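Okay, so here's the structure we're looking at.
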Amino acid sequence: MNTLEALFAAVTLSTKHLSAYVNQTLATIPVAGIASDKQRESSLRKSLYPSIEKILLESQFCSGAGFASHLATENLAQPYWFLEWWFKNPKSNQQSCLDLDQATQQRLDFSTFEWFKNTPDAEDVYLHGPYVDYVCTSAYTITAASPVVIDGNMVGVAAVDILVSRIEEALLPIVKQSSSKVVMTNSENRVIFSSHLHYRTGSLLNIDASYQTTQNGFCKIYFL
Numbered sequence: 001m002n003t004l005e006a007l008f009a010a011v012t013l014s015t016k017h018l019s020a021y022v023n024q025t026l027a028t029i030p031v032a033g034i035a036s037d038k039q040r041e042s043s044l045r046k047s048l049y050p051s052i053e054k055i056l057l058e059s060q061f062c063s064g065a066g067f068a069s070h071l072a073t074e075n076l077a078q079p080y081w082f083l084e085w086w087f088k089n090p091k092s093n094q095q096s097c098l099d100l101d102q103a104t105q106q107r108l109d110f111s112t113f114e115w116f117k118n119t120p121d122a123e124d125v126y127l128h129g130p131y132v133d134y135v136c137t138s139a140y141t142i143t144a145a146s147p148v149v150i151d152g153n154m155v156g157v158a159a160v161d162i163l164v165s166r167i168e169e170a171l172l173p174i175v176k177q178s179s180s181k182v183v184m185t186n187s188e189n190r191v192i193f194s195s196h197l198h199y200r201t202g203s204l205l206n207i208d209a210s211y212q213t214t215q216n217g218f219c220k221i222y223f224l
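Below, the structure is given as structure tokens:
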């Protein structure tokens, strides 16, 4: 269990660091000023990349990272989406950019995603998942997100992805050592990992709470 706790602690720390890096960058190139200026948008993307690359290179757990912002103010003719997202490409062992224009981002509308809309209410880093990431990997994913706040106003969200398959790797030693079936869920009892044939990733676990043996702020582990 120590390995699993270290994994979530590392991902949480990476998210906090990314939020701090983005905050520093936006102090010189504010998001609010790029909605009608493509040159400033391009400059912001270039400025954000080193921080995102640093997170992806230094963390063995993170599969993707970036910054998302959604602005809807009176001085804008229509809402403005900004998403700079990079993810690890296992085939080339490099970072690949998720290149989205305004039209694509508007249809995607990440402002409705749980990790984006719930982050402002989180006391610390908000964790969401598991869910299938249809945008990047088409794999079960957990996203850690932290608000980016400038002068008391939230201007966006810094986020980091971890693949559920990476969590499975961390749990394998526990599974091998246990004579019971191991099921890991999030705080809402949605299955993240299961060695039990009756419970699949993404399904809801409905069992007697007496089976629960370990819990932290985000996940629970049951031995059945």
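Each residue of the sequence shown is one higher than the one before, starting from 1 at the first, in our numbering. Yeah, the Cβ is synthetic: ideal placement off N, Cα and C, and Gly gets one too. Quick caveat: nothing in here was measured; it's all calculated off a predicted structure.
Identify, in the order they occur along the chain, each residue of the same chain with its Cβ nearer than 8 Å to the Cβ of residue i, setting aside the five sequence neighbours on each side.
i    : result
Y199 : V183, V191 and L205
P120 : P147 and M154
T201 : P130, Y140, V164, V191, I192, F193 and S194
Output the boundary residues of the beta strand (DSSP E) element that contains residue i.
i    : result
A158 : N153 to L163
T185 : V182 to N186
F193 : V191 to S194
Starting from residue i, follow its DSSP beta bridges and name the residues at the other end.
i    : result
G64  : F87 and D161
Q215 : K220
T141 : Y131 and L163
S146 : A158
Write down the C-beta distance between residue i and residue j rounded to the nearest angstrom, noting that I regard them as a contact closer than 8 Å.
i    : j   : result
C62  : V11 : 7 Å
N216 : E5  : 6 Å
V125 : T15 : 5 Å
S111 : H70 : 4 Å
Skipping 5 residues on each side, what residues in its chain have a beta carbon closer than 7 Å to that of residue i?
i   : result
Y21 : S51
L48 : V22, T25, F67 and E84
Using a Cβ-Cβ cut-off of 6 Å (strictly less than) and excluding sequence neighbours within five positions of residue i, which residues of its own chain qualify?
i    : result
A158 : L18, S19, V22, F67, S146 and V148
H128 : E114, W115 and T143
S59  : S14
Is the beta carbon of residue i less than 9 Å from the beta carbon of residue j?
i    : j    : result
T137 : D109 : no
F87  : L57  : no
S194 : K176 : no
L7   : I174 : no
Hey, quick one: how far does the alpha helix (DSSP H) through residue i stretch, first residue to last?
i    : result
Y49  : K38 to E58
S111 : Where S111 is concerned, there is no enclosing alpha helix (DSSP H), given that its DSSP letter is neither H nor E.
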